[in-house]
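S.K.:
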Amino acid sequence: MKRKLLLASIVMLILSVLAASPALAAKDYSAEQYDVVVQVQTDGSLLVTETIRFRFEGGPFTYVFRELP
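Under the numbering used here, think of the first position of the sequence shown as 491, with each following residue one higher.
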């Protein structure tokens, strides 16, 4: 009995993973518009303002990650 329950649980887990794969692959996002304004201050420092418009397709999304060099 325990063996059948374990086997059924494993089969359900595999089916769940396979069913979720297409949904996860359908997620996508892109930056539609990227505006940067850089102001050089009198002391030589920079004031940078970025406005980025993203388009999200699929989902749900919880955040966007980007790396600044």
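Cβ coordinates follow ideal geometry from the N, Cα and C atoms, glycine included.
Checking 8 Å against the spacing of the C-beta atoms, do TYR519 and PHE555 come in under that value?
M.R.: Here the question's residue 519 lines up with position 29 in the sequence shown. Here the question's residue 555 lines up with position 65 in the sequence shown. Contact: no.
S.K.: Put LEU495 into one of helix, strand or coil per three-state DSSP.
M.R.: Residue numbering aside, residue 495 sits at position 5 when the sequence shown is read from its first letter. It is helical.
S.K.: Sorted by chain position, which residues of the same chain lie with C-beta nearer than 7 Å to VAL527's C-beta, five sequence neighbours on each side aside?
M.R.: Mapped onto the sequence shown, residue 527 falls at position 37. Same-chain partners within the cutoff: THR539.
S.K.: Would you list the one or two residues that DSSP bridges to GLN523?
M.R.: Position 33 of the sequence shown, counted from the first residue, corresponds to residue 523. DSSP output for GLN523 lists ARG543 as bridge partner(s).
S.K.: Measure from the alpha carbon of LYS517 to the alpha carbon of each residue in TYR524, TYR553, PHE546 and GLU557, then state which is nearest.
M.R.: Here residue 517 refers to the residue found at position 27 when the sequence shown is read from its first residue. It is PHE546 whose Cα lies nearest to the Cα of LYS517.
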